[in-house]
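Asker: To convert, note that position 58 of the sequence shown is 58 in full-length UniProt numbering; the numbers rise steadily by one, no gaps.
We treat Cβ as the ideally placed atom computed from N, Cα and C, and that holds for glycine.
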Amino acid sequence: MEIKNITIADIDTVFELYKLAAEYQKTKENVIVWPDFKRELVITEIAENRQFKLIIENQVACIWAITFSDAQIWEEKNKDPAIYIHRIATNPKFRGNNFVHTIVEWAKELAFEKGIKFVRLDTLGKNIKLIEYYKNAGFDFLGMFNLKNTNSLPEHYKKDAVCLFEIDLNPYTLRPLQKANLINFTF
1 MEIKNITIAD IDTVFELYKL AAEYQKTKEN VIVWPDFKRE LVITEIAENR QFKLIIENQV
61 ACIWAITFSD AQIWEEKNKD PAIYIHRIAT NPKFRGNNFV HTIVEWAKEL AFEKGIKFVR
121 LDTLGKNIKL IEYYKNAGFD FLGMFNLKNT NSLPEHYKKD AVCLFEIDLN PYTLRPLQKA
181 NLINFTF
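#1: Measure the CB-CB distance between N78 and A89 and report whether it falls below 7 Å.
#2: Where does H86 sit, in a helix, a strand or coil, going by DSSP?
#3: With F118 and D160 assumed to form a contact (beta carbons below 8 Å), what rounded beta-carbon distance in angstroms separates them?
#4: Considering only DSSP beta bridges, list what G143 is partnered with.
#5: Exposed or buried, which one is Q59 when buried takes at least 16 other CB atoms within 10 Å?
#6: On the CB-based measure, 16 or more other CB atoms within 10 Å of its CB, does D12 come out buried or exposed?
#7: Going by C-alpha distance, which of I83, Q51, V104, M1 is nearest F15?
#8: Does DSSP classify L20 as helix, strand or coil?
#9: So, are the CB atoms of I83 and I116 less than 7 Å apart?
#10: Please state whether DSSP places L110 in a helix, a strand or coil.
#11: Relative to the alpha-carbon of T67, which residue among Q25, W34, A107, L147 has its alpha-carbon at the smallest distance?
#12: Once you ignore the five residues that flank L124 on each side, which residues in its own chain have a CB closer than 8 Å to its CB?
#13: Which word fits E45, buried or exposed, when buried means at least 16 other C-beta atoms lie within 10 angstroms of its C-beta?
#14: State the DSSP-derived secondary structure class of F15, mapped to helix, strand or coil.
#15: Are the Cβ atoms of I6 and K53 separated by less than 7 Å?
#16: Alpha carbon to alpha carbon, how far is P81 from E109? Give it in angstroms, no decimals.
#17: In whole angstroms, what is the alpha-carbon distance linking residue 188 and D36?
#18: In the stretch 29-108, which residue ranges form an unbroken beta strand (DSSP E) of at least 3 residues, counting only runs that do not cross its ends?
Printed below as a string of structure tokens:
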């Protein structure tokens, strides 16, 4: 297992995994389905080294994006130094491997290296199963909130309240990765 930056050569894989994730979401009850994300958004994230892939046996098993600011969603809390995780999409061949746990440990290590205090993510709607999954991955569920301004957010943010999750990385909860070879990326 290895984590690397996504490159522009991976962009078709990224959009294929987004499409497969949206198709999977359509099969679930009470789940907000991802829209078609803008290619320019992903190109920018790739250029800024904020798109990542988890590779197993030379296959992309999971992808995600990060940002260090998310003011429209986190509003006042955005002033805190944080890593925000977005658009986790798992290759269907690798579902059930709890990659969010791996991503959390990776994000904690990155936060430690950058002196960042929080790891955060959000999801939409009252998806109890997903809320419990994120809580089991170490996140505190902060609740559901109606966003004040969704103008420049992807379309699905206009459909329901947002669920906010965070991990407070005080010195007692931050643990370096067990396998340092998981991290292979640049900033």
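Answerer: Checking against the coordinates, here is how it stands:
#1: no
#2: strand
#3: At roughly 23 Å, the Cβ-Cβ gap does not stay under 8 Å, so F118 and D160 are not in contact.
#4: L164
#5: exposed
#6: Of the other Cβ atoms in all chains shown, fewer than 16 fall within 10 Å of the Cβ of D12; this residue is therefore exposed.
#7: Restricting attention to I83, Q51, V104, M1, the CA atom closest to the CA of F15 is found in Q51.
#8: helix
#9: Yes, the Cβ-Cβ distance between I83 and I116 is below 7 Å.
#10: helix
#11: Of the candidates Q25, W34, A107, L147, the one whose C-alpha sits nearest the C-alpha of T67 is A107.
#12: Here the set comprises I32, H156, Y157, K159, D160, A161, V162, C163.
#13: buried
#14: helix
#15: Contact check for I6 against K53 passes: the beta carbons are separated by less than 7 Å.
#16: 14 Å
#17: Outside the modelled stretch of the chain, which goes from 1 to 187, sits residue 188, for which no answer is possible.
#18: 51-56, 59-67, 82-90
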